[in-house]
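Trainee:
Numbering (my numbering), first residue to last: -3 to 64.
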């Protein structure tokens, strides 16, 4: 359709990966973002120890979700 975007969204791509695999995948996404100029969003249910450019935390409760 000729549509181009500078955004990629990865929803839980780390599921099933061990520590080294998680780190390698996040480093790959970081390199791709720098190389391509894309904004890459990684969504995960765990708090990840990685030097992201920014982190947004969302809490889901019975009353709804909210940004922390």
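Even glycine gets a Cβ: it sits at the ideal position worked out from N, Cα and C.
#1: Along the alpha helix (DSSP H) that carries residue 30, what are the first and last residues, could you check?
#2: DSSP three-state call for residue 1: helix, strand or coil?
#3: Just tell me which of 8, 9, 14, 25 has its CA closest to the CA of residue 47.
#4: Which residue comes first and which comes last in the beta strand (DSSP E) that contains residue 55?
#5: My output table needs one value for residue 50: the three-state DSSP class, helix, strand or coil.
#6: Taking the C-alpha atoms as reference points, what is the distance between residue 58 and residue 64?
Mentor: This is what the structure gives:
#1: 15 to 32
#2: coil
#3: 25
#4: 54 to 57
#5: coil
#6: 16 Å
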